[in-house]
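Working notes, beginning with the structure itself.
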Amino acid sequence: MMDVCISQEAIDVASLVSSVASDSNGATAVFVGTVRATNDGRAVTEIEYSAYGEMAEREMAMILTEAGARFGITDAAIHHRIGRLAVRDASIAVAVGHPHRAAALDALRYIVDETKQRAPIWKLEHYTDGAREWVNAGAKASR
Amino acid sequence: MMDVCISQEAIDVASLVSSVASDSNGATAVFVGTVRATNDGRAVTEIEYSAYGEMAEREMAMILTEAGARFGITDAAIHHRIGRLAVRDASIAVAVGHPHRAAALDALRYIVDETKQRAPIWKLEHYTDGAREWVNAGAKASR
Amino acid sequence: MTVTVRFFASYAESLGRDALEMTLAEGSTVGDVLGSVRGLPGADRLPPAPLVAVNYSYAQATMRLSEGDEVAIIPPVAGG
Amino acid sequence: MTVTVRFFASYAESLGRDALEMTLAEGSTVGDVLGSVRGLPGADRLPPAPLVAVNYSYAQATMRLSEGDEVAIIPPVAGG
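Just so you know, the sequences run in chain order A, B, C and D.
By numbering that gives the first Met the number 0, the letter at position 13 of the first sequence is numbered 12, and the numbering carries on one by one without gaps.
By numbering that gives the first Met the number 0, the letter at position 11 of the second sequence is numbered 10, and the numbering carries on one by one without gaps.
By numbering that gives the first Met the number 0, the letter at position 59 of the third sequence is numbered 58, and the numbering carries on one by one without gaps.
By numbering that gives the first Met the number 0, the letter at position 61 of the fourth sequence is numbered 60, and the numbering carries on one by one without gaps.
Written out as structure tokens, the structure reads:
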């Protein structure tokens, strides 16, 4: 079972884990990304996530398919949350199920890394001093 | 926060995840090991886990300390369940929190691998044909 | 032909809009779209070679466009 | 001196017990304990050099023991 979800709803890690469970999966590897209280030394109050929804879902589905081919994965799920998130809120969770842990852990790392590089999702960070800034946008030249 | 727990209680992944959360941890990596319906082609009905409790807790606490030194981890928790577990029940869960994902994922793999090799915990597997067998015990010579 | 051009995040903010319909000669490419976008107020804050997607897939500037394509100018991503 | 010897899982099953008190000469080692265990009924099913722990830490056969130590004979582990 491969599933991608982008929504405003809070991420439910337990249900994400059970969504990749099966009688033959002895290993489930999970990553949860959460909002940190500081970024580059600046105090963050919240982060606003936005996405090019249709493309982000397609890109993440493709990443799961690639992970399937590369690591022999058949059960993986990504939930990326958008909207205004407070410190400690989960912005992304990825769960991968497999009979054995090595493939599950390898696939998890691949899926998280690829999603961060390819999914058209953006972060507007709000700081305690009232300022706000697009993350990564500063690096205009670099892609 | 470093925590080790060996108990008969069902593992609560969500609370394990929040136990390693902090304002500065942007990444939480989690592993859940579950009972599979087959092992080496034999149909399993349940697995009975037993532990040399005092030593297992000590060994796992040491593994977390080693992970702390090696990967710069300060927040990690292991919950190993003992007693009779059915197919799909979680026997172990490990959660690691860190500001960044690479260290969290590396530390997670280390903790799970070391726990499986060093913690004095054993599995008595029960099969549908009524037989039962100690896992790994067959390999008498190898440790 | 007519294509839809979409902007997001910091680019939408710089340009003060998140989409526009653009009419182009047949056989036009992504590069031609970028050229036109360059003329919009606020476009000076976009990088010289921004990331572009056509119909939800990343595309090169040389890609030829068709009637009704959706061209998205993608700011540096920051998901996860 | 007296030490406690503990057995687990498949070894406890083979020996039909999970613990015994053992009296040894002063300066005895883990190896001496293993030697005595060798004489117990069912001990033939133990490997020649089983894993051993003393006071909850893995130990070598050459380790000298003290009064009241807990010596555990550890079957191949299978946690996780």
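Idealized CB from N, CA, C, for every residue including glycine.
If the five residues before and after S23/B are omitted, its C-beta is found closer than 8 Å to the C-beta atoms of P98, all from its own chain and listed in chain order. The DSSP-derived three-state label of Y51/B is coil. DSSP places E20/C inside the beta strand (DSSP E), whose first and last residues are 18 to 22. Chain D places no beta carbon closer than 9 Å to that of M1/B, leaving this residue out of the contacts. DSSP, read as helix, strand or coil, puts L123/B in strand. Per the C-alpha coordinates, the member of W133/B, R131/B, V29/B, Q7/B positioned closest to V12/A is V29/B.
Against chain B, the beta carbon of A8/D has neighbours under 8 Å at S49, W121, L123, W133, A136, listed in chain order.
Contact annotation: in the region 29 to 59 of chain B, residues whose CB is within less than 9 Å of a CB in chain A are V29, F30, V31, G32, T33, V34, R35, A36, T37, N38.
Residue burial annotation: T33/A is buried, with at least 16 other C-beta atoms found within 10 angstroms of its C-beta. Listed along chain B are V12, A13, each with a C-beta nearer than 7 Å to that of A13/A. Within the region 53 to 78 of chain D, contact with chain B at the beta-carbon level (separation under 7 Å) is assigned to Y55, A71, I73, P74, P75, V76, A77, G78.
Using a Cβ-Cβ cut-off of 9 Å, R5/C counts as an interface residue toward chain A, since at least one Cβ of chain A sits closer than that to its own.
When the alpha-carbon of L107/A is set against those of A36/A, V3/A, A76/A, the nearest one is in A76/A. Per DSSP, the unbroken alpha helix (DSSP H) holding Y109/B starts and ends at 100 to 117. With a beta-carbon spacing of about 5 Å, M54/A and P119/A fall inside the 8 Å limit used to define contacts. Shown in chain order are the members of the region 75 to 100 of chain B whose Cβ falls below 8 Å from a Cβ of chain D: H79, S90, I91.
Under DSSP, T37/B forms a beta bridge with A42/B. Inclusion of R35/A and V86/A in the CB contact set at 9 Å is warranted, their separation being smaller than that value. When CB distances to chain A are screened at a threshold of 7 Å, not a single residue of the region 62 to 76 of chain B falls below it. Selection G67/D, L50/D, L39/D evaluated against L14/D yields L39/D as nearest (Cα-Cα). Approximately 5 Å separates the beta-carbon atoms of E45/B and R83/B; this is inside 8 Å, confirming the contact. One finds V76, G78, G79 in chain D with Cβ atoms closer than 9 Å to the Cβ of A118/B, taken in chain order. Against chain A, the CB of D128/B has no partner CB under 9 Å away; the residue lies outside that interface. What V111/A touches in chain C, judged by beta-carbon distance under 8 Å, is G79, going in chain order. Counting along the chain, no alpha helix (DSSP H) covers E8/A, and no H or E run does either. When DSSP states are grouped into helix, strand and coil, G67/B belongs to the helix group. Secondary structure at M62/C: coil, using DSSP grouped into helix, strand and coil. Counting the other Cβ atoms within 10 Å of the Cβ of S14/B gives fewer than 16, which makes it exposed.
The Cβ atoms of T114/B and G30/D do not sit closer than 9 Å to each other. By the rule that beta-carbons nearer than 9 Å mark a contact, E12/D touches chain B. Going by C-alpha positions, A58/D is about 53 Å away from K122/A. T27/A is classed as buried because its beta carbon has at least 16 other beta carbons within 10 Å across all chains shown. Here DSSP, grouped into helix, strand and coil, assigns Y57/D to strand. Against A106/A, chain B offers no close residue; the least beta-carbon distance is about 12 Å (beta-carbon pairs closer than 9 Å). Here the alpha carbons of A42/C and V36/C stand approximately 7 Å from one another.
For A103/B, at least one C-beta of chain A is nearer than 9 Å to its own C-beta.
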